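Have a look at the structure below, then the notes.
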Ligand code: MLT
């Protein structure tokens, strides 16, 4: 008889952001006259930069002509885009990455999940707590989690690295031996960062313990401070122990267009076997690449105009982050993040639980955020707001939250 993948039954009923969307639409149904401001999911609101749109139109036009029409492209991504990535995202930072170490994809979310296929289910996975839920949920799906303990709110085979105000939201090296370590910096959800020395500790640990770091740097475009690494490969030796995930979603507003890439260095080997080769094998078998039009859109990000325009958008979100941060601080909230990242992580007032605060904010201020506990047990008592809203809404949301206090 057919059997289910029972790991799925260990998951919560729905993905965090789907649960929030459902709650909000129920609220809206009951209160059709209330204008709800959504600062929950980190989805961009500014339109795509004009240069990028131009390239989309031009490449769509190419598809309409026999001479320039394109069918299947290379599964790893077109050379024109991989070359720009090598040049602009790495060479300018004095990092040597080769074109065939770059794998263009339709999202860092899928890549951080799919990459697990290269690793045995017996590996021990370490994640921060709180964490971007995709890393945890997909390891549960894959059978790497063990059982869920209702008392602790944790899976017994996953190693949770607590990050909280007391350790400045910097994970500590786990006491137990771990094999796969997910690090996301600038961090989702806390909006905090590691400096180069702090990140080096992880690279050293991975080298000494034959572990692999899965480094998600989807938010690197928001870094303003000098000593914060944009890439893990700024740390010497990282190419032997780390895979890096990058995305155009947050830096160039591609959440709807879908384009990202993953770097699997050739130095990265397990028992002499190249992970680059295996990932290439996986992608060529299971993936047919990102559409030509969207890769052309991503290419435009690296033009002079493209850079100028996407930076203006990032600046806009950064200003939103400042408005949220300073507004909340002046209202007496304790606030973290929001400097090198588009997320503001706040302490929930009056010892409320994260979901209680979510309900209060939604019902009284008609503002949506993300409850910290949705990112893990140590997120309890915290709350996340995103800087990706539009300016007027962001200002109004903060005014409404201030009135609540
Ligand atoms: C978030 O809100 O955490 C992000 O939008 C999630 C994502 O990038 O998938």
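Numbering (the working numbering), first residue to last: 2 to 406.
Ideal placement from N, C-alpha and C gives every residue a C-beta, glycine not left out.
Treat the numbers as computed from the prediction; the structure is a model and nothing was measured.
(1) Are at least three pairs of beta-carbons, each pair with one atom in the segment 15–33 and one in the segment 259–278, less than 8 angstroms apart?
(2) Can you give the Cα-Cα distance for residue 166 and residue 65, rounded to whole angstroms?
(3) Could you give the C-beta distance for residue 388 and residue 339, rounded to a whole number, given that I count them as a contact under 8 angstroms?
(4) For residue 352, which three-state DSSP category applies?
(5) State yes or no: is the C-beta of residue 399 within less than 8 angstroms of the C-beta of residue 324?
(6) Quick one: is the Cβ of residue 155 within less than 7 angstroms of any heavy atom of ligand 1?
(7) Entirely within the segment 351–400 and at least 4 residues each: give me those alpha helix (DSSP H) ranges in chain order.
(8) Leaving out five residues on either side along the sequence, give the residues of the same chain with a beta carbon under 7 angstroms from the beta carbon of residue 47.
(9) Is the beta carbon of residue 346 less than 8 angstroms from the beta carbon of residue 385?
(10) Output yes or no for whether 8 angstroms exceeds the beta carbon distance between residue 376 and residue 190.
(11) Classify residue 150 as buried or exposed, calling it buried when 16 or more other Cβ atoms lie within 10 Å of its own Cβ.
(12) Cα-Cα, which of 306, 279, 98 and 230 is closest to residue 218?
(13) What whole-angstrom Cβ distance do residue 96 and residue 235 have, given they're in contact under 8 angstroms?
(14) Assuming residue 164 and residue 131 are in contact, meaning their beta carbons sit under 8 angstroms apart, how far apart are those beta carbons, in whole angstroms?
(15) Can you give me the C-alpha to C-alpha distance between residue 269 and residue 119, rounded to a whole angstrom?
(16) Which same chain residues, not among the five before or five after residue 85, have their C-beta less than 7 angstroms away from its C-beta?
(17) Quick check: what's the CA-CA separation for residue 109 versus residue 246?
(18) What are the complete beta strand (DSSP E) segments, minimum 3 residues, inside the segment 90–169?
(19) Within 7 angstroms: the Cβ of residue 58 and any heavy atom of ligand 1?
(20) Can you tell me which of the three DSSP states residue 259 falls into?
(21) Got a sec: does ligand 1 put a non-hydrogen atom nearer than 7 angstroms to the Cβ of residue 348?
(22) In chain order, what residues of the same chain lie with their CB nearer than 6 angstroms to the CB of residue 285, ignoring the 5 residues before and after it?
(23) If you draw a straight line from the C-alpha of residue 155 to the C-alpha of residue 136, how long is it?
(24) Going by DSSP in three states, residue 337 sits in which element: helix, strand or coil?
(25) By how many angstroms is the C-alpha of residue 147 removed from the C-alpha of residue 58?
(26) Which of the three DSSP states is assigned to residue 248 in this structure?
(27) Please report how far the alpha carbon of residue 40 lies from the alpha carbon of residue 54, in whole angstroms.
(28) Apart from the five residues just before and just after residue 394, which ones in its own chain have a Cβ nearer than 6 angstroms to its Cβ?
(29) Once you ignore the five residues that flank residue 283 on each side, which residues in its own chain have a CB closer than 8 angstroms to its CB?
(30) Using 10 angstroms around the beta-carbon of residue 162, count the other beta-carbons present and answer buried if the total reaches 16, otherwise exposed.
(31) Distance, Cα to Cα, residue 29 vs residue 267?
(32) So, for residue 158: in the same chain, excluding its five sequence neighbours on each side, which residues have a beta-carbon less than 6 angstroms away from its beta-carbon?
(33) When you compare only the Cα positions, how much space is there between residue 380 and residue 83?
(34) Hey, residue 1 and residue 207: beta-carbon distance below 8 angstroms or not?
(35) Is residue 26 helix, strand or coil by DSSP?
(36) Can you say whether residue 51 is buried or exposed, counting buried as having 16 or more other CB atoms within 10 angstroms of its CB?
The answer reads as follows:
(1) no
(2) Along the chain shown, one-based indexing puts residue 166 at 165. Along the chain shown, one-based indexing puts residue 65 at 64. Their Cα atoms are separated by approximately 55 angstroms.
(3) On the chain shown, position 387 is the one that residue 388 refers to. On the chain shown, position 338 is the one that residue 339 refers to. Yes, they are in contact, since the Cβ atoms of residue 388 and residue 339 sit about 7 angstroms apart, within 8 angstroms.
(4) Position 351 of the chain shown holds residue 352. Correct three-state label for residue 352: helix.
(5) Against the chain shown, residue 399 aligns to sequence position 398. Against the chain shown, residue 324 aligns to sequence position 323. For residue 399 and residue 324, yes; Cβs fall inside 8 angstroms.
(6) Sequence index remark: in the chain shown, residue 155 carries index 154 (1-based). It does not: the Cβ of residue 155 is nowhere closer than 7 angstroms to a heavy atom of ligand 1.
(7) 355–361
(8) Here residue 47 refers to the residue found at position 46 when the chain shown is read from its first residue. Within the same chain, residue 47 has close Cβ partners 254, 314 and 317.
(9) Translated into the one-based positions of the chain shown, residue 346 becomes position 345. Translated into the one-based positions of the chain shown, residue 385 becomes position 384. Against a cut-off of 8 angstroms, the Cβ pair of residue 385 and residue 346 comes out as a contact.
(10) Position 375 of the chain shown, counted from the start, is the residue given in the question as residue 376. Position 189 of the chain shown, counted from the start, is the residue given in the question as residue 190. Cβ distance < 8 angstroms, so residue 376 and residue 190 count as in contact.
(11) As a working mapping, residue 150 is identified with position 149 in the chain shown. With fewer than 16 other Cβ atoms within 10 Å, it is exposed.
(12) As a working mapping, residue 218 is identified with position 217 in the chain shown. Among 306, 279, 98 and 230, the Cα nearest to that of residue 218 is on 230.
(13) As a first step, residue 96 is located in the chain shown; it is residue number 95 there, counting from the start. As a first step, residue 235 is located in the chain shown; it is residue number 234 there, counting from the start. Right, the Cβ-Cβ distance comes to about 7 angstroms (below 8 angstroms), so this counts as a contact.
(14) Here the question's residue 164 lines up with position 163 in the chain shown. Here the question's residue 131 lines up with position 130 in the chain shown. Indeed, because the Cβ distance is near 7 angstroms, the residues count as touching under 8 angstroms.
(15) For the purposes of this step, residue 269 is identified with residue 268 of the chain shown, where counting begins at 1. For the purposes of this step, residue 119 is identified with residue 118 of the chain shown, where counting begins at 1. Whole-angstrom Cα-Cα distance: 12 angstroms.
(16) Here residue 85 corresponds to residue number 84 of the chain shown, with the count starting at 1. Excluding sequence neighbours, residue 85 sits near 300 and 303.
(17) Taking the first residue of the chain shown as 1, we reach residue 109 at position 108. Taking the first residue of the chain shown as 1, we reach residue 246 at position 245. Near 6 angstroms, if we compare the C-alpha coordinates of residue 246 and residue 109.
(18) 103–106, 126–130 and 160–163
(19) Here residue 58 refers to the residue found at position 57 when the chain shown is read from its first residue. No, Cβ of residue 58 sits at least 7 angstroms from all heavy atoms of ligand 1.
(20) To locate residue 259, count along the chain shown from 1; it is residue 258. Note: residue 259 maps to coil in three-state DSSP.
(21) The residue labelled residue 348 in the question sits at position 347 within the chain shown. Checking the Cβ of residue 348 against ligand 1 gives no.
(22) Numbered from 1 along the chain shown, position 284 holds the residue referred to as residue 285. Counting only Cβ-Cβ distances below 6 angstroms, and skipping sequence neighbours, we find 76.
(23) Residue 155 sits at position 154 when you count from the first residue of the chain shown. Residue 136 sits at position 135 when you count from the first residue of the chain shown. Distance between the alpha carbons of residue 155 and residue 136: 14 angstroms.
(24) Taking the first residue of the chain shown as 1, we reach residue 337 at position 336. It is a strand residue.
(25) Numbered from its first residue, the chain shown carries residue 58 at position 57. Numbered from its first residue, the chain shown carries residue 147 at position 146. The alpha-carbon atoms of residue 58 and residue 147 are separated by roughly 49 angstroms.
(26) The residue given as residue 248 occupies position 247 in the chain shown. Reduced to three states, the DSSP call for residue 248 is strand.
(27) Residue 40 sits at position 39 when you count from the first residue of the chain shown. Residue 54 sits at position 53 when you count from the first residue of the chain shown. Looking at the two C-alpha atoms, the distance is approximately 26 angstroms.
(28) The residue given as residue 394 occupies position 393 in the chain shown. Excluding sequence neighbours, residue 394 sits near 38.
(29) Here residue 283 corresponds to residue number 282 of the chain shown, with the count starting at 1. Only 115, 118 and 119 meet the Cβ criterion.
(30) Position 161 of the chain shown holds residue 162. With 16 or more Cβ atoms within 10 Å of its Cβ, residue 162 is classed as buried.
(31) Numbered from its first residue, the chain shown carries residue 29 at position 28. Numbered from its first residue, the chain shown carries residue 267 at position 266. Approximately 51 angstroms between the Cα atoms of the pair.
(32) Within the chain shown, the letter at position 157 stands for residue 158. For residue 158, where only same-chain residues beyond five positions count, the Cβ hits under 6 angstroms are 146 and 147.
(33) Counting from one through the chain shown, the residue named residue 380 turns up at place 379. Counting from one through the chain shown, the residue named residue 83 turns up at place 82. So the alpha carbons of these two residues sit roughly 37 angstroms apart.
(34) There is simply no residue 1 to check, as the chain begins at 2 and stops at 406 in what is shown.
(35) Position 25 of the chain shown holds residue 26. Of the three classes helix, strand and coil, the one that applies to residue 26 here is helix, per DSSP.
(36) Position 50 of the chain shown, counted from the first residue, corresponds to residue 51. The residue is exposed, with fewer than 16 neighbouring Cβ atoms inside 10 Å.
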